[in-house]
Every structure is written in C-alpha cells, then in structure tokens.
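Report on the following structure.
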Amino acid sequence: MSPDAPRDILHASSVAVDGRGVLIRGAAGSGKSTLALALLALGGVLIADDRTVVALRDGRPWLSAPDTIRGRIEARGIGILNAGAITEAPLALVVDMDRGPPARLPEPETIAVFGHHVEVISGQQGGHFPAALRHYLLYGRSD
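Residue 361 is where the sequence shown starts when you use this note's numbering, and the numbers rise one by one after that.
See below:
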C-alpha cells in the first residue's frame with residue numbers, strides 16, 4: 361500500500377473468507393476474537409486480531425495487521441494462539457458487535473469507509489451466526 365494512501369488503525373479483528381475480508385468491530389469483551397476464532401474454525405484465515413489496519417488501495421478499503429501482532433489471536437482463558445494469517449484482503453463486510461439484535465429479515469445497511477459503502481450487520485445473533493457469515497461471504501445475500 362502506498363505510504364500516502366489514507367489509513368487508520370481500528371480496534372477490530374478481521375478474517376478473510378475466500379479472499380473477502382470481514383471487519384469485526386466492537387467494545388472490549390464484545391466477542392470480536394470469539395467470532396474470529398469461530399470463522400477460523402470454519403476455514404477462514406486470520407487477518408488481524410484486536411487491531412486492524414484499514415487503508416485505501418485502488419479506490420477501495422483493504423484490511424491488514426500491524427506487524428507486531430500479525431499471525432496471533434487471543435483466545436480468552438487460553439492465551440495468545442499462533443494462527444496462519446494472510447497479509448491483507450479487501451473489505452467486504454463489517455460486523456458490529458455493539459449493535460442490538462437485528463430483525464429476523466433486516467434491511468441491508470451500509471457505512472462509508474474511506475468513501476466506499478460497505479454493508480454492516482449486527483453481531484448480536486445466535487449460534488448459527490459464524491456459519492451464516494461464512495456463507496454470506498462465499499455466496500452473498502438474496503435481496
């Protein structure tokens with residue numbers, strides 16, 4: 361990424377599924393790493409845990425890890441685990457762990473990230489959520 365490109369470091373974890381990045385944001389203790397670990401168990405690949413670099417490249421936001429934490433993820437009650445990690449992935453979805461439970465069939469919502477609109481969904485969902493997220497990233501939503 362160009363050193364002149366807009367970038368920010370967010371308090372968020374991120375995982376790639378089939379090369380598409382999901383940014384998992386929320387307050388401390390909201391379940392960001394737990395959701396990331398569940399996605400890793402379903403075949404996702406870690407980008408970053410707890411702090412994610414978001415930078416603009418080729419007109420869209422990309423996710424990466426600060427060098428100091430690349431390849432590591434916290435598992436509460438176990439410690440810091442080594443994880444295979446990719447260097448970066450384009451941002452495809454934002455999961456907000458601080459949002460309340462969504463409607464059964466919510467209307468799509470987006471947020472602007474460096475001027476690019478990205479869908480945002482609530483992370484406050486049931487046990488099906490990691491599998492549903494993986495499926496969403498692989499195949500999208502039927503609207």
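Glycine included, every Cβ here is placed at the ideal spot set by N, Cα and C.
Since the structure is predicted, the reported quantities are computational estimates derived from the model, not experimental observations.
Quiz item: Would you call the CB atoms of Leu402 and Pro462 closer than 8 angstroms?
Solution: Working through the sequence shown from its first residue, we reach residue 402 at position 42. Working through the sequence shown from its first residue, we reach residue 462 at position 102. No, the pair does not count as a contact, with Cβ atoms beyond the cut-off.
Quiz item: Which one of Ile481, Leu453 and Gly486 has the shortest CA to CA distance from Asp378?
Solution: Numbered from 1 along the sequence shown, position 18 holds the residue referred to as residue 378. Nearest C-alpha to Asp378: Leu453.
Quiz item: Can we say the segment 477 to 490 touches the segment 367 to 376, given the rule of at least three CB pairs closer than 8 angstroms?
Solution: By the Cβ rule, the segment 477 to 490 does not count as touching the segment 367 to 376, because fewer than three pairs are nearer than 8 angstroms.
Quiz item: Does the segment 424 to 440 touch the segment 459 to 476, meaning 3 or more C-beta pairs lie closer than 8 angstroms?
Solution: With contact defined as three or more Cβ pairs closer than 8 angstroms, the segment 459 to 476 and the segment 424 to 440 are not in contact.
Exercise. Please say whether Ile384 and Leu395 have beta carbons closer to each other than 8 angstroms?
Key: For this step, residue 395 is matched to residue 35 along the sequence shown. For this step, residue 384 is matched to residue 24 along the sequence shown. Yes, Cβ-Cβ distance for Leu395 and Ile384 is below 8 angstroms.
Exercise. Would you give the residue range spanned by the alpha helix (DSSP H) that Pro321 belongs to?
Key: Shown here, the chain extends from 361 to 503; a query on residue 321 therefore has no answer.
Quiz prompt | Own chain residues within Cβ distance below 7 angstroms of Leu497, not counting five before or after | solution = The residue labelled residue 497 in the question sits at position 137 within the sequence shown. If the five residues before and after Leu497 are omitted, its C-beta is found closer than 7 angstroms to the C-beta atoms of Val377, Asp378, Arg380, Val382, Ala452 and Leu453, all from its own chain and listed in chain order.
Quiz prompt | Limits of the alpha helix (DSSP H) - the one that Thr394 falls within | solution = Along the sequence shown, read from residue 1 onward, the residue named residue 394 stands at position 34. Run containing Thr394: Lys392 to Ala401, per the alpha helix (DSSP H) assignment.
Quiz item: Where in the segment 419 to 503 do unbroken runs of the alpha helix (DSSP H), each at least 4 residues long, occur, reported from the N-terminal end onward?
Solution: Within the segment 419 to 503, the alpha helix (DSSP H) runs of at least 4 residues that lie entirely inside it are, in chain order, 489 to 499.
Quiz item: Would DSSP call Arg411 helix, strand or coil?
Solution: Residue mapping note: residue 411 aligns to position 51 of the sequence shown, counting from 1. Three-state DSSP puts Arg411 in coil, outside helix and strand.
Exercise. Return the Cβ separation of Thr412 and Leu423 in integer angstroms, given the expectation that the two are a contact with Cβ distance under 8 angstroms.
Key: Reading the sequence shown from its first residue, position 52 is the one you call residue 412. Reading the sequence shown from its first residue, position 63 is the one you call residue 423. About 5 angstroms separates the two Cβ atoms, so the contact holds.
Quiz prompt | Distance CB(Met457)-CB(Gly404) smaller than 8 angstroms | solution = On the sequence shown, residue 457 is found 97 positions in, with the first residue counted as 1. On the sequence shown, residue 404 is found 44 positions in, with the first residue counted as 1. Not in contact: Met457 and Gly404 (Cβ atoms no closer than 8 angstroms).
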